Amino acid sequence: MLLNQFLILAAAMFSLGIYGLLVRRNIVLILLSVELMLAAVNINLIAFESVLRSPEAIGQVFSIFVITVAAAEVGIGLAIVLMIFRNRKSANVDELDLMRW
Amino acid sequence: MATEAEQAVEAGITGGFWVDNAGIVLILPLVAFLLILAFGKRMKNNGAELAIGALAVNSVWATVLFVMNMTSGVLGQTTFEIARIGSDLVFELGWVVDGLSIMMYFLVSVVGLIVFIYAVGYMHGDVRVDWFFAAFSLFAGSMLILVGAPNLIQLIIGWEGVGLASYFLIGFYWEDMANVNAGNKAFMVNRLADIGLMLGAIILGLAIGTFDFAEMDLAAAEHVESLGAVAVVGGALLFFGAMGKSAQFPLHIWLPDAMAGPTPVSALMHAATMVTAGVYLMGRVFPLFEYLAAEIRPWMVAIGAITLFAIGFLALVADDIKRVLAYSTVSQLGYMMTAVAAGGYTAGLFHLFTHAFFKALLFLGAGSVIHAVHSNNMSDMGGLRKQMPRTYWTFVVGTLALAGIIPFSGFWSKDEILATLGFEGYTAVMVIAIAGAFVTAFYMTRAVALTFFGDYKGHGQPHESPAIMTVPLVALAIPSILFGLFNVPGWHIPGIGNFSEWLAVRVVPMGDHHPEAIDLALAGSGLLAAVLGIVVGWVIWGKDRETQAERDRFDIPVLYPLLHNKYYIDDLADGITAGTMGPLARFTNWVNDYVIDGVVNGVAIMTRGLGSFVYGVVDQRGVDGVIHGLGAGADGAGSALRKWQTGRIQQYAASFVAGALVLIVLFVFVI
Amino acid sequence: MSVSEWLGSPVNWVFLVVALATLFSSWRVVTAKNVVHAALYLVAALGGTAVLFLMLSAEFVAWVVVLVYIGAVLVLFLFGIMITRAPTGKDVGLDTPHKTWPALLSVATFVLLSWASIQAFGTTQVESVGEPTSTEVLGLALLGRFVIPFEVVSFVLLAALIGGVTIARRDLSPVEEEERRAV
Amino acid sequence: MTFVIDYLALAPELVIVATMLAVFTLDLLLTRPNKFWTATVAVAGTALAAVPLVILAAEGSTRSMFDGSYVVDEFAVILKGVFIVSAYIVLLMSHHYIESDRYYQGEYYFLLLASVLGSLVMASARDLIILFIGLELTTGPLYLLAGWRKGDAKSNEASMKYFILGVLSTAILLYGMSMLYGLTGEITFAGLAQTTADLADEPAVVVALFGLIVGFGFKISAVPFHFWAPDTYEGAPTPVTAYLSVNSKAAGFVAFLLVMYQALPGLSDIWAPALWILAAASMTVGNLAALRQTNIVRLLAYSSIAQAGFMLVPFAAAAVADADLAEAFSATLIYLVIYAVMNLGAFAVVIAGARKTRSGEIAGWAGLAQVDTRLAVLVAVFFFSLAGIPPLAGWFAKFAMFRSVIIAGGAATVVLAAIAAINSVIALYYYARVVKSVWLDDPVGEFAPEAEAAPAGSLRLALLVAVAITVVIGFFPAIATFVGDASRVIASG
Amino acid sequence: MELFETWALTLIVFLPLAGVLLLGLVPKANERALKAISLLVTLAAFAVSVGVIFRFDFSGLPYNTYQFEVTETWIGAINANYHLGVDGISLPLLVLSTFIMVLAVIYSWNHWEEPRNPKAFLILMMILATGLNGTFVALDLVLFFIFFEVVLLPMYFMIGIWGDRTPRLIPGFGREVQTRLYAAIKFFLFTLFGSAFMLLGFLALYFESGNSGERTFDIPLLTELGASGAFTGTFAFLVFGAMFLGFAVKVPMWPLHTWLPDAHTAAPTVGSVLLAAIMLKLGSYGFVRISLPILPEEATRWAPAIAILAVIGIIYGSLACLAQTDMKRLIAFSSVGHMGFVMLGIATLTDVGINASIIGMVAHGLITGLLFFLAGSMSHRYHTREMSRLGGNMKLMPVMGGILAFTAMASLGLPGLAGFWGEFMSLIGSYNPLEGLSLGVFRTAMVLGAIGTVLTAAYMLYLLQQVNLGEPGEEWQGREFHDVDRFEATAWVPLIVLIVVIGFYPKVIFNSTTDSVVSLVETAFNAETTASLGRGG
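Residue numbers (the working numbering), protein chains in the order written: chain A, 1 to 101; chain B, 1 to 671; chain C, 1 to 183; chain D, 1 to 493; chain E, 1 to 537.
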């Protein structure tokens with residue numbers, strides 16, 4: 001297996017995540033896109049680790065941290081979504097435009 | 001360096017108490033000025049006492065010096081340093097005692113004293129009398145500082161002081177704007193000329209290495225022609241300065257207007273102070289022109305000649321008696337300047353000396369008349385010889401002196417000038433000068449005839465002025481008659497010599513010519529011109545008519561308008577100043593407000609505009625625009641508003657990504 | 001390495017299948033018209049990554065992904081979707097109408113990232129399905145050298161938890177508050 | 001391999017942790033009227049955290065743990081000091097603000113302290129993982145705090161924008177870190193420094209680098225990663241905004257510069273021009289946009305973007321010109337420290353002023369001087385200090401910045417210096433505009449009566465601390481240079 | 001007394017600042033105490049500065065030796081020190097500054113512009129005093145910069161708060177702005193713009209000084225380096241240019257002057273006085289103290305440009321005066337002209353010229369200060385500054401009119417009054433500038449400068465004519481105006497006396513400056529001939 005096949009897959013996922021982040025209106029969906037990006041990062045880390053084979057498995061440790069942080073962020077994000085939804089009865093980002101000028 | 005001058009002076013004759021403390025003469029009137037300012041209002045005669053007292057002491061002092069100089073020659077110089085830059089640029093104040101300055105001390109003090117006394121009567125009951133005497137004292141004091149100056153710097157101080165005092169006095173009745181304007185005109189013309197004085201002083205001072213007159217004289221005598229063009233330029237500039245004060249053509253325009261002040265002011269201004277300053281300066285730096293800057297002398301002579309001849313004619317059409325005298329003064333100053341410029345140091349200054357007395361006399365006489373008839377215009381006068389005999393007789397004495405009738409003083413001094421011109425080879429100018437004598441006699445006859453002969457044309461009943469005014473007239477009439485004898489060619493008054501000798505008491509010899517015998521032909525033609533002037537004048541104006549205007553007919557076409565409009569020089573000057581300064585000033589202000597400030601404000605406005613752009617378009621809308629740029633054409637205008645409403649956060653996010661991508665691409669592929 | 005050579009290795013076939021599935025799922029995550037579907041596609045995509053992790057001898061991490069993501073996070077998402085009453089049916093308004101630039105940006109990102117990877121790692125080989133990293137190694141690392149981030153990350157979670165609860169809970173109105181106090 | 005944990009080195013962090021837990025526990029136990037104790041404990045705990053710092057500072061030795069991935073040296077101590085002092089001021093500012101609006105107090109302080117803990121960790125972080133986790137802990141709570149005024153739609157929006165862009169930047173940052181790890185196999189700064197120098201031509205390293213730059217650029221709100229800042233600043237509770245613009249930004253700066261300077265010096269050919277661009281763009285865009293603001297907080301938001309640009313200037317200049325980075329580093333730090341104090345002061349004044357004027361619009365502040373001279377003086381002090389006018393502390397920040405630029409030399413540097421100079425004049429204009437409104441304009445609206453508007457004691461204390469530091473540093477900038485000197489430890493280490 | 005030597009300058013600088021603290025403690029309502037404190041503090045500072053005169057060594061120490069020196073470490077990290085000292089050049093300006101400040105406080109006693117608030121005003125004045133005094137004694141570039149800038153804030157507030165409230169249409173703005181607001185911000189931005197570049201210049205010097213030893217901001221050390229030719233080439237050109245911007249704005253030199261008319265017109269009386277009398281001198285002093293000695297070679301290169309700008313300023317300022325309708329604005333523009341003479345003197349790089357510039361600064365301080373006092377007092381009474389409405393002031397207020405006439409005469413450079421020496425000697429200097437400078441440029445400058453003196457006279461007479469003379473306008477007829485009051489008299493008489501004394505005996509200034517300047521010119525420009533006498537051609 002080539003390292004690059006993983007990296008390119010990760011790049012593709014990352015780019016898809018960006019696309020989703022830019023086009024989705026629903027905040028939950030935006031969060032999903034971000035999860036894609038983070039998953040791509042994890043693929044990168046694990047793939048590198050399988051080449052580098054560091055004694056402390058740094059890549060894998062890193063990815064565990066990434067997963068944890070991602071989980072925390074999902075929690076934060078959903079909390080914010082709930083709050084906004086309660087006030088606005090909508091979870092669409094493009095209605096957040098109070099502060100334009 | 002100052003010592004060198006002092007050594008030179010010491011090499012001459014010096015003398016004791018009166019010389020060493022001659023500075024008193026310079027200071028007293030100024031002290032009087034300050035005291036009158038402070039206490040004048042509370043004094044009985046509004047401070048006239050102080051002014052007269054100061055000049056009385058001065059007169060005594062100056063007379064003593066004058067007499068000392070007659071008998072033995074007096075030379076002295078005292079200076080003290082007021083500033084020193086580095087080792088050799090030194091500014092000093094002090095006083096000079098030599099023939100020239102003693103003559104001026106005497107003149108200013110004595111004539112001044114007489115005029116002051118006269119003024120007590122003349123100004124009685126007028127407004128601001130204290131201020132009048134204060135400014136009058138300042139006037140005399142500044143003149144004394146000027147004539148006592150041992151160097152150019154002090155001369156400039158006095159020079160400007162005279163100008164300042166004249167500004168105050170000409171605009172004495174400042175409630176009327178016309179008077180204020182006359183004062184402004186005098187000040188500005190003089191100030192313009194002062195450029196010459198200042199720059200000339202700087203150039204000569206730096207070129208020769210000193211501002212001290214004695215040293216300059218020595219240096220001038222030593223390095224003959226070694227300075228070349230610098231000396232010529234400097235000399236020309238100095239002459240330009242002198243032209244202003246001494247009202248030489250075409251800078252004479254301020255002087256007739258300067259009649260706006262009280263008559264005693266005019267008397268003093270035209271006699272001893274102010275206008276004589278220029279001639280005095282030329283005399284003071286005479287060696288410079290003698291040795292270093294002789295090239296410009298013909299030009300100076302030319303200007304003097306124009307002045308003496310052309311301006312005299314203007315007196316023929318003036319109705320204001322003081323204006324007649326003023327034009328006459330300008331003309332006489334032309335004589336003096338011509339003489340000095342032609343190399344007649346003694347001749348010019350002698351005429352200055354005699355002229356001071358009879359011109360003061362004439363002005364005071366005119367003042368006496370004006371005082372009586374409450375008008376300056378000769379059309380309001382006539383026949384006053386009966387009502388005002390003392391004024392009349394003294395005025396006639398002055399007129400004869402001015403016209404140059406033997407043996408009045410004016411004859412001798414004018415003769416000396418003619419002789420000098422002849423000797424120096426300025427024959428044409430000499431002819432002009434003789435013609436000038438005719439003109440002088442001509443217009444003076446007119447003035448006397450219109451004022452004192454015929455019937456009275458004015459209002460009220462004029463009567464003779466009080467003694468305090470007529471006694472000074474008499475006091476001036478005597479020297480007007482006699483002082484010409486001081487310098488009769490070939491006559492050395494036993495024990496005291498003559499005026500030339502007195503005036504020659506200087507650090508260096510003046511190198512001028514003094515005829516040892518009367519040139520009868522010359523004197524005769526001068527006298528003849530004067531007599532002719534009187535006769536022709538009497539023929540024209542001697543007869544009385546119904547009105548003065550009828551009597552005073554001088555409406556020759558072309559000539560009359562020309563003279564009446566003062567050769568249009570005033571108009572020209574006014575036109576030039578009004579036509580240039582006003583627009584120029586307004587233009588400058590416009591440049592300031594709209595161009596320079598416009599740039600400043602423009603930068604401010606542009607920065608704020610840029611702020612709006614950056615904030616409104618780039619920061620808040622730009623990403624939007626980029627993202628939606630492609631679809632913009634497809635969507636109708638109606639949905640444009642909706643487009644702005646979409647995806648704010650996504651715009652921000654897109655800018656993130658786009659920014660990063662652009663940077664990466666930039667750095668990977670470009671740099 | 002030629003394409004045929006690459007295809008000669010069976011593990012690459014496995015990779016290809018998994019990768020395509022993952023990519024397809026990812027694609028659906030960002031395009032699905034149904035919110036619930038999108039979330040479920042994310043499950044599939046993450047499942048794909050978990051398989052890849054197994055292929056890359058990261059056994060532990062693979063199971064973490066399955067447990068944490070698929071087990072917990074996705075449930076959270078579904079709750080979020082339910083609570084916010086996101087339209088669970090087909091919804092055309094789910095995306096912004098302007099997709100051109102985002103698509104371009106994302107393609108550009110992909111091209112750039114993969115180009116950079118190819119430049120950097122050319123033909124570097126990955127040991128296929130080698131010895132899995134033992135959990136012991138990871139455990140020692142986490143509680144040894146990485147103990148500080150390990151502890152700190154717990155605060156990240158705690159803060160997220162506490163803050164999330166505070167932010168998400170419905171505030172009582174003053175009246176309700178009075179009532180509660182009375183009880 | 002065993003690792004020894006140096007508890008003294010970790011003491012400040014531990015004190016904060018203890019405080020967090022105490023606050024949280026207390027909050028559960030206290031009844032509503034007594035909730036102010038949570039604030040008191042939080043403030044006290046923060047102050048207490050300074051004690052071990054002082055000990056560490058006095059000791060002056062460098063303590064290193066875990067293969068040098070967590071280091072407490074003089075530099076870290078100073079930064080922690082800055083974080084703690086600014087957190088202290090923010091807590092003081094928060095007290096009345098949070099209490100008066102019936103927000104959740106215990107949780108608020110817990111989250112704020114969590115964020116402080118994150119920044120403390122970042123100051124010591126010398127590997128990518130700790131740095132990343134520290135960064136997350138710093139930011140994570142802030143996503144929530146920005147939305148703390150739950151009922152306020154603006155606050156919700158602020159939180160949302162911050163969050164979405166935050167996670168995006170985190171993802172990009174992580175991608176960059178993963179590439180970096182893949183390319184080098186290292187995560188410690190020291191290790192990276194040794195290995196990256198050879199990789200400068202690799203496009204992948206450029207990608208990785210820019211992943212980091214985007215991530216940190218977001219934190220410091222550098223143009224073009226700044227868009228969230230004005231909206232979030234305006235919407236978030238003002239003390240949180242203050243914290244965002246100071247602590248969080250400072251933490252971002254520290255991370256940014258540490259990584260560039262310590263881990264990636266070999267890549268300075270790439271990041272130096274990038275920083276140059278960021279600096280120039282941030283200054284210019286921030287300042288120009290600030291010119292048009294009418295809301296005072298939004299003005300401060302843009303001004304803080306511009307200030308971030310100024311802070312980047314020395315580093316960018318030195319790196320572009322290949323000059324001494326230590327000098328630049330110290331200049332940036334001096335700027336950071338001074339900026340922290342005066343910006344906090346500005347926000348404290350905004351809080352106090354908003355109570356008085358009942359307005360966040362600059363126009364609404366007109367004539368404040370006529371009713372409250374003291375407050376108006378403070379407005380002048382802080383805003384003029386931000387403008388860099390002597391003898392207020394800000395001058396020295398600008399001075400140090402210009403000094404390091406000049407010392408760097410070189411054409412690109414001169415251009416940057418010129419941009420900075422022009423920008424400081426523009427900045428002056430809008431700062432002066434606020435002062436002008438307060439002092440020179442006539443009042444337009446009603447002011448709140450004295451009783452209602454009197455700032456709380458804690459806010460007064462916050463103002464006092466800030467103004468004292470601002471003025472004292474202005475007269476004796478040597479205090480600030482001490483911070484700069486400390487950064488030389490980094491240079492030598 | 002050693003103690004006095006070490007503490008004198010610090011006291012002069014910081015006594016007013018101590019006054020600020022005291023003033024802060026006194027309640028707003030207690031005006032008497034506030035005024036008394038301010039007066040005491042300024043008097044104390046003045047007394048100390050007089051003490052400095054008495055203990056000053058006038059024996060002609062070489063340039064770059066300073067007396068009453070204090071050196072304390074201040075910002076160690078950048079080697080910036082608290083270094084104060086005076087020499088013959090700064091002494092007159094320092095005394096002028098402390099002196100005018102006392103007069104300003106006296107004048108303020110019963111002259112308050114709206115919205116009053118004496119406490120705030122006096123506090124600002126004291127801060128201003130610290131900045132002004134400090135600038136004249138600072139011997140460290142950073143310290144100099146600080147003091148130079150400190151004056152900004154108080155002046156900004158003075159103009160902005162107590163300034164002129166009449167609305168004015170600013171060209172290009174499209175709406176009316178209150179004069180004070182426009183002027184304050186303009187003043188502020190202009191000066192800061194300049195000083196930003198000045199600071200860059202200082203920093204560059206600091207950096208460059210590192211090539212020959214430790215980097216330093218110390219003015220004496222830099223002067224030594226400068227004299228030994230350490231700063232040359234493009235570097236020096238840029239540095240001089242940067243500092244030029246900073247100083248020229250402050251002077252102000254054409255075309256950077258436009259803040260001045262606005263600031264002066266808008267400022268309250270005391271503000272205008274301090275601005276004109278002292279603040280403008282900071283710029284020209286900066287040239288003499290910093291630019292010339294440290295960058296002598298560059299100074300010779302810049303000199304013709306400075307001279308040209310100075311002359312443009314002279315002519316331009318005077319012409320602009322002639323077009324003014326506002327009394328204060330006229331006086332403000334006159335400053336542009338007068339400072340042009342000061343700069344012309346400096347540009348000659350000769351001892352004469354520089355001496356001229358210093359006495360010019362002092363004289364301008366006294367005269368224009370007095371003029372602004374008068375303008376303030378008159379607009380206080382007439383409630384207008386429009387000259388077309390004024391007139392006949394001599395009749396309504398003879399004493400004030402008289403003083404105005406006197407001051408106008410002094411201002412137009414009448415010999416025998418203080419204003420003469422600066423102008424005249426500037427002209428002397430520009431006839432023979434430093435060897436190597438273009439004679440053509442400088443002699444043309446001399447002629448144009450002399451023409452400028454005529455224009456000066458023109459607008460001063462215009463001022464007198466409009467304000468003082470003629471009959472009072474209808475609206476003033478029958479109104480009672482109280483003439484000069486005792487506070488005004490107390491503040492003005494010393495100025496009048498000094499104007500006359502310096503006019504007749506300029507040695508009081510030259511005694512202090514000459515040796516320092518001569519030695520400055522010798523060391524910096526290796527000029528052999530000092531007074532440039534006898535160099536014709």
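For glycine and all other residues, C-beta sits at the position ideal for the given N, C-alpha and C.
Remember, predicted model here, so these are calculated numbers, not experimental data.
Q. Around the Cβ of B/Lys-359, are there at least 16 other Cβ atoms within 10 angstroms (buried) or fewer (exposed)?
A. buried
**Q.** Through-space distance from C/His-98 to B/Arg-642, alpha-carbon basis
**A.** Any answer about B/Arg-642 is weak, because its pLDDT of 34 lies below 50 and its placement is not dependable; what the coordinates show is given next. The alpha-carbon atoms of B/Arg-642 and C/His-98 are separated by roughly 12 Å.
Q.
Quick check: the Cα distance between B/Met-388 and B/Asn-377, rounded to an integer number of angstroms?
A. 17 Å
Q.
On a Cα-Cα basis, can you pick out the residue from D/Ile-469, D/Gly-309, D/Gly-474 that is closest to D/Ser-86?
A. D/Ile-469
Q: Give a yes or no on whether the C-beta atoms belonging to E/Leu-319 and E/Ala-248 are separated by under 9 Å.
A: no
Q | Alpha carbon of B/Tyr-167 to alpha carbon of B/Ala-178, nearest angstrom | A | 13 Å
Q. D/Gly-474 versus chain A: which residues are under 8 Å apart at the beta carbon?
A. Near D/Gly-474 there are no residues of chain A at all, since even the closest Cβ is about 34 Å away, more than 8 Å.
Q. From which residue to which residue does the beta strand (DSSP E) around B/Phe-91 run?
A. 89-97
Q.
When you compare the CB of A/Leu-22 with every CB in chain B, is at least one pair closer than 9 Å?
A. yes
Q: Note down the Cα distance separating B/Ile-627 from B/Ala-654, rounded to an integer number of angstroms.
A: With a pLDDT of 39 at B/Ile-627, under the threshold of 50, the modelled position of that residue is not reliable, and the figure given next carries that caveat. Going from the Cα of B/Ile-627 to the Cα of B/Ala-654 covers about 8 Å.
**Q.** Alpha-carbon to alpha-carbon, C/Thr-31 and B/Gly-647
**A.** In this predicted model, B/Gly-647 has a pLDDT of only 49, less than 50, meaning its place in the structure is not dependable; the value taken from the coordinates is given anyway. Going from the Cα of B/Gly-647 to the Cα of C/Thr-31 covers about 17 Å.
(Q) Under 9 Å, CB to CB, which of the residues in the segment 594-620 of chain B have a partner in chain D? (A) Ala-604, Thr-607, Arg-608, Leu-610, Gly-611, Ser-612, Phe-613, Val-614, Tyr-615, Gly-616, Val-618, Asp-619, Gln-620
Q: Check the Cβ-Cβ distances between D/Glu-107 and every residue of chain A, and say whether any is below 9 Å.
A: no
Q. Between B/Leu-26 and chain D, is there a C-beta pair that is closer than 9 Å?
A. no
Q: Could you name the residues of chain A that C/Pro-149 contacts, counting a contact when the two beta carbons are closer than 7 Å?
A: Phe-65
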